[in-house]
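S.K.:
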Amino acid sequence: MKRFLKLMHEIGGIGMTGALAAHLILVITAPQTSLEEYAAVRQSILAVSKWLLLPSLLIVLASGLFAMAVHYPFCQARWVWAKALTGIGLFEGTLVTVQGTSRRAAELSALAVDGRGDAALLSELLRTEWIGLWTILTLALLNVVLAVLRPRLEWPKKRLAAERE
Numbered sequence: 020m021k022r023f024l025k026l027m028h029e030i031g032g033i034g035m036t037g038a039l040a041a042h043l044i045l046v047i048t049a050p051q052t053s054l055e056e057y058a059a060v061r062q063s064i065l066a067v068s069k070w071l072l073l074p075s076l077l078i079v080l081a082s083g084l085f086a087m088a089v090h091y092p093f094c095q096a097r098w099v100w101a102k103a104l105t106g107i108g109l110f111e112g113t114l115v116t117v118q119g120t121s122r123r124a125a126e127l128s129a130l131a132v133d134g135r136g137d138a139a140l141l142s143e144l145l146r147t148e149w150i151g152l153w154t155i156l157t158l159a160l161l162n163v164v165l166a167v168l169r170p171r172l173e174w175p176k177k178r179l180a181a182e183r184e
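Numbering follows my numbering, with no gaps: position 74 of the sequence shown is 93.
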């Protein structure tokens with residue numbers, strides 16, 4: 020069971036990172052000359068977010084929490100709790116910043132094709148999306164570093180004893 024959860028956690032992480040990378044690439048290379056092409060790219064971004072990013076994120080979170088429940092030493096390791104806390108940040112940031120702005124930007128770009136779009140609002144959404152993507156990628160990288168290095172995240176006992184005196 021432990022190996023299965025580890026495999027699912029890694030597969031979910033790969034899917035999540037790939038979805039974020041695809042999202043970034045699509046944002047960077049989106050055509051700026053044609054509203055129709057831009058709206059099509061925004062729909063593609065929304066599809067990547069809906070069908071790859073969110074399921075991968077749920078797999079990562081569920082497998083990580085189940086691994087903590089199945090493997091008792093994980094409950095005692097502070098690095099695991101640090102990963103759990105950053106995982107909550109990943110979940111919230113992905114839902115609110117990445118998924119929410121992707122959906123709204125797709126709607127606004129479709130309205131812009133019909134001549135009813137708000138360019139200022141779309142520009143603000145893109146700025147929020149850009150910041151959110153880099154924040155999520157940074158948190159994901161932090162989670163990988165925590166999993167690989169497995170720091171103790173505690174003060175050495177000698178230092179604590181010296182500070183008490």
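Every residue gets a Cβ at the ideal spot worked out from N, C-alpha and C, and that includes glycine. Just so we're clear, the structure is a prediction, and the values are computed from it rather than from any experiment.
#1: Give the range of the alpha helix (DSSP H) segment to which residue 186 is assigned.
#2: Are the segment 90–102 and the segment 121–129 touching by the rule of at least three beta carbon pairs closer than 8 angstroms?
#3: What residue range does the alpha helix (DSSP H) around residue 112 cover?
#4: Within a Cβ cutoff of 8 angstroms, which residues of the same chain sit near residue 101, ignoring the five residues on either side of it in sequence?
#5: Reducing DSSP to helix, strand and coil, say where residue 82 ends up.
#6: In chain order, what residues of the same chain lie with their CB nearer than 6 angstroms to the CB of residue 60, ignoring the 5 residues before and after it?
#7: Here's a check: name, in chain order, each residue in its chain whose Cβ is nearer than 6 angstroms to the Cβ of residue 131, leaving out the five neighbours to either side.
#8: Measuring straight from C-alpha to C-alpha, what distance separates residue 81 and residue 168?
#9: With DSSP as the reference, label residue 62 as helix, strand or coil.
#10: Figure out for me which residue from 40, 72, 63 has the closest Cα to the Cα of residue 115.
#11: Give the DSSP-derived three-state secondary structure of residue 53 in the structure shown.
#12: Which class does residue 73 belong to by DSSP, given the choice of helix, strand or coil?
#13: Grouping DSSP H, G and I as helix and E and B as strand, with all else coil, what is residue 140?
#14: Compare the Cα-Cα distances from residue 57 to each of 155, 129, 149 and report the closest residue.
M.R.: The relevant details are as follows:
#1: Because residue 186 is not part of the residues shown, which for the chain are 20 to 184, the question remains open.
#2: no
#3: First-last of the alpha helix (DSSP H) with residue 112: 97–112.
#4: If you ignore the 5 residues before and after residue 101, its C-beta comes within less than 8 angstroms of the C-beta of 165, 172, all in its own chain and listed in chain order.
#5: helix
#6: Taken in chain order, the residues that qualify are 45, 49.
#7: 54
#8: So the alpha carbons of these two residues sit roughly 22 angstroms apart.
#9: Residue state for residue 62 is assigned as helix, using DSSP reduced to three classes.
#10: 72
#11: coil
#12: Reduced to three states, the DSSP call for residue 73 is helix.
#13: helix
#14: 129
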